[in-house]
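Report on the structure given below.
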Amino acid sequence: MSLTGNLEKQIRRHIIGQSLDFYAVTPPGMASQCARELAALPEPIEVEGVETGGVNFHGRLTALYQANLRVRTASRFLLRLARFKATNFRQLTKQCGAVPWAWHLPPGVVPACKVTARQSRLYHSQAIAEHVGKAITAYWRAQEALPMETPAQTLYLRLDHDLVTLSLDSSGDHLYRRGLKTHGGQAPLRENLAAAILGLAGYDPAHPLLDPMCGAGTFALEAALWAKGIPPGSYRSFAFMHWPCFRPKQWQYIKIKANNELKRLPKPSIYAADLDEEACHRLAACVARHQLDDAVVVRQGDFFDLTPPPGEAGHPPSTGLIVLNPPYGLRLAPGDRLEAFYRRLGRKLAADFIGWQVALIVPNPRLIGTQPYPTRSIPLRHGGLAVSLLIGRVGH
Ligand SMILES: C[S@@+](CC[C@H](N)C(=O)[O-])C[C@H]1O[C@@H](n2cnc3c(N)ncnc32)[C@H](O)[C@@H]1O
């Protein structure tokens, strides 16, 4: 089936130029930050509500494109398609068959279906997904299009008290996959979580940032994109680029406008270091490959030997933000040695980093009191673990 003139008209009338409902999925507790980023997009949006795991908002299709391109803290963006009640499979199939899939998906595409169900009469995720798949297959057959299962498009189905919400994923790969870092590391952070931590800690590109246990360099790379004004989605593609409403010229225009905002920095103010020489080489290569060397310097070294970077000629070193993601307990040493490590780290900060803002990830609540400067603790999830982020300023 080709995109007929009639379908084209329907897409223009019902999708392009309309205010649509979207949902930003975020790491738990990061939704407020994401809502602030959405409000700062160069495209009007209206935030309807902020939940623990995401943000409901409205806007035009181009706002969804901008959000995927520019928002640093989100995990993915969904387009809301339909909401209806279904207490049995017959109702589910009928309602799913009534969605105008041709407005949203390339001809014949039967998306993967991810289901979450709570407090509902329909609860068997796999059976629900199968019925949705069959309803979409029947829809395409009726349109004389050849149905084909395409995991590159994903439908999210949420059932709550028998109320079904159907949403189409616009992002594709998880948004933490920036397409920038091709090297791995020891327990690397997800990029959107690293960006959220930088935001919570008050990162300001006008002041130095130290990532002295950088591993794969997630903090340093995120900060570099931020400091240079590079949108985090610049290096990747998105699921919405295959939608029938997608207009490549409009997307090119959005990307060119974003490119015009890029900055060349007079000198780097992001310092990444690690004990592991190999990790430093890999990060330095990534920095060079993406021309981020005006933002980031990478050095091999021990955090316990580190001193603040020098200030401008004749001035004392300026203060800034130090982000620390030490190795996790499992890899360090069991029991007391872990606590001793965090206490030593606190003493080092108190001795050499007076006036610096600190963001420190601790893998265990019993380590929260180890720092000799006042901190506030924020619960986070990283790699399936509950961890805490300690934020504080090293006092005199
Ligand atoms: C959990 S990983 C950091 C992951 C990193 N945030 C990322 O996203 O890839 C911890 C890192 O701390 C480094 N490390 C451990 N002790 C160190 C020390 N005394 N000085 C510098 N780096 C150290 C390890 O080599 C490891 O790369």
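Numbered according to our numbering, the sequence shown terminates at residue 513, and the numbering increases by one at each position without gaps.
Ideal placement from N, C-alpha and C gives every residue a C-beta, glycine not left out.
Name, in chain order, the residues that DSSP records as bridge partners for residue i.
{"i": "Lys-126", "result": "Its beta-bridge partners do not exist; DSSP assigns none."}
{"i": "Cys-230", "result": "Leu-272"}
{"i": "Met-147", "result": "Looking at the DSSP assignment, Met-147 forms no beta bridge with any residue, so it has no partner."}
{"i": "Met-265", "result": "Val-226"}
{"i": "Ile-495", "result": "Leu-506"}
{"i": "Phe-201", "result": "Val-281"}
{"i": "Arg-235", "result": "Asp-277"}
{"i": "Leu-477", "result": "Leu-441, Leu-507"}
{"i": "Ala-141", "result": "Val-172, Phe-194"}
{"i": "Glu-378", "result": "For Glu-378, which the question treats as bridged, DSSP gives no partner whatsoever."}
{"i": "Val-167", "result": "Val-172"}
{"i": "Tyr-388", "result": "Leu-327, Val-414"}
{"i": "Asp-516", "result": "Since the first and last residues shown for the chain are 118 and 513, residue 516 lies out of range."}
Enumerate in chain order the residues of its own chain whose CB-to-CB distance from residue i is below 7 Å, with the five nearest sequence positions on each side excluded.
{"i": "Pro-482", "result": "Ser-505"}
{"i": "Met-330", "result": "Asp-391, Phe-420, Leu-441, Asn-442, Pro-443"}
{"i": "Ala-152", "result": "Val-164, Val-167, Val-172"}
{"i": "Leu-423", "result": "Pro-329, Ala-390"}
{"i": "Tyr-459", "result": "Val-479, Leu-484, Thr-487"}
{"i": "Pro-305", "result": "Gly-332, Ala-333, Thr-335"}
Grab me the residues of residue i's own chain with a C-beta within less than 8 Å of its C-beta, minus the 5 sequence neighbours each way, in chain order.
{"i": "Arg-510", "result": "Gly-472, Trp-473, Gln-474, Val-475, Tyr-490, Pro-491"}
{"i": "Leu-502", "result": "Tyr-445, Pro-480"}
{"i": "Ala-269", "result": "Gly-289, Ala-356, His-359"}
{"i": "Gly-250", "result": "Val-227, Cys-230, Glu-266"}
In angstroms with no decimal places, state the Cα-to-Cα distance between residue i and residue j.
{"i": "Lys-202", "j": "Gln-236", "result": "13 Å"}
{"i": "Gln-303", "j": "Asp-393", "result": "10 Å"}
{"i": "Pro-433", "j": "Pro-425", "result": "10 Å"}
{"i": "Pro-159", "j": "Ala-457", "result": "48 Å"}
{"i": "Glu-247", "j": "Asp-290", "result": "23 Å"}
{"i": "Thr-233", "j": "Leu-315", "result": "31 Å"}
{"i": "Pro-228", "j": "Leu-124", "result": "20 Å"}
{"i": "His-513", "j": "Thr-436", "result": "13 Å"}
{"i": "Arg-307", "j": "Pro-217", "result": "35 Å"}
{"i": "Glu-339", "j": "Ala-312", "result": "6 Å"}
{"i": "Ala-252", "j": "Tyr-182", "result": "28 Å"}
{"i": "Val-404", "j": "Arg-493", "result": "32 Å"}
{"i": "Pro-264", "j": "Ile-371", "result": "33 Å"}
Can you have a look at residue i and say buried or exposed, based on whether 16 or more other CB atoms are within 10 angstroms of its CB?
{"i": "Lys-345", "result": "buried"}
{"i": "Arg-295", "result": "buried"}
{"i": "Gly-500", "result": "exposed"}
{"i": "Ala-430", "result": "exposed"}
{"i": "Thr-190", "result": "buried"}
{"i": "Glu-378", "result": "exposed"}
{"i": "Ala-141", "result": "buried"}
{"i": "Ala-148", "result": "buried"}
{"i": "Glu-154", "result": "buried"}
{"i": "Tyr-240", "result": "exposed"}
{"i": "Ala-402", "result": "exposed"}
{"i": "Ala-333", "result": "buried"}
{"i": "His-398", "result": "exposed"}
Is residue i helix, strand or coil by DSSP?
{"i": "Asn-173", "result": "strand"}
{"i": "Gly-509", "result": "strand"}
{"i": "Tyr-490", "result": "coil"}
{"i": "Gly-500", "result": "coil"}
{"i": "Gly-316", "result": "helix"}
{"i": "Leu-306", "result": "coil"}
{"i": "Gly-250", "result": "helix"}
{"i": "Tyr-182", "result": "helix"}
{"i": "Leu-297", "result": "coil"}
{"i": "Arg-416", "result": "strand"}
{"i": "Ile-162", "result": "strand"}
Using a Cβ-Cβ cutoff of less than 6 Å, which residues in the same chain neighbour residue i once the five nearest sequence positions on both sides are dropped?
{"i": "Thr-204", "result": "Arg-238, Asp-279"}
{"i": "Phe-355", "result": "Asn-185, Ser-288, Gly-289"}
{"i": "Pro-349", "result": "Arg-189, Arg-295, Leu-342"}
{"i": "Thr-169", "result": "Pro-145"}
{"i": "Ile-132", "result": "Trp-220, Cys-362"}
{"i": "Leu-438", "result": "Ala-318, Tyr-320, Leu-326, Gln-474"}
I'd like to know if residue i contacts chain B, where contact means its C-beta is closer than 9 Å to some C-beta of that chain.
{"i": "Pro-145", "result": "Among the protein chains of the structure shown there is no chain B, as only one such chain exists."}
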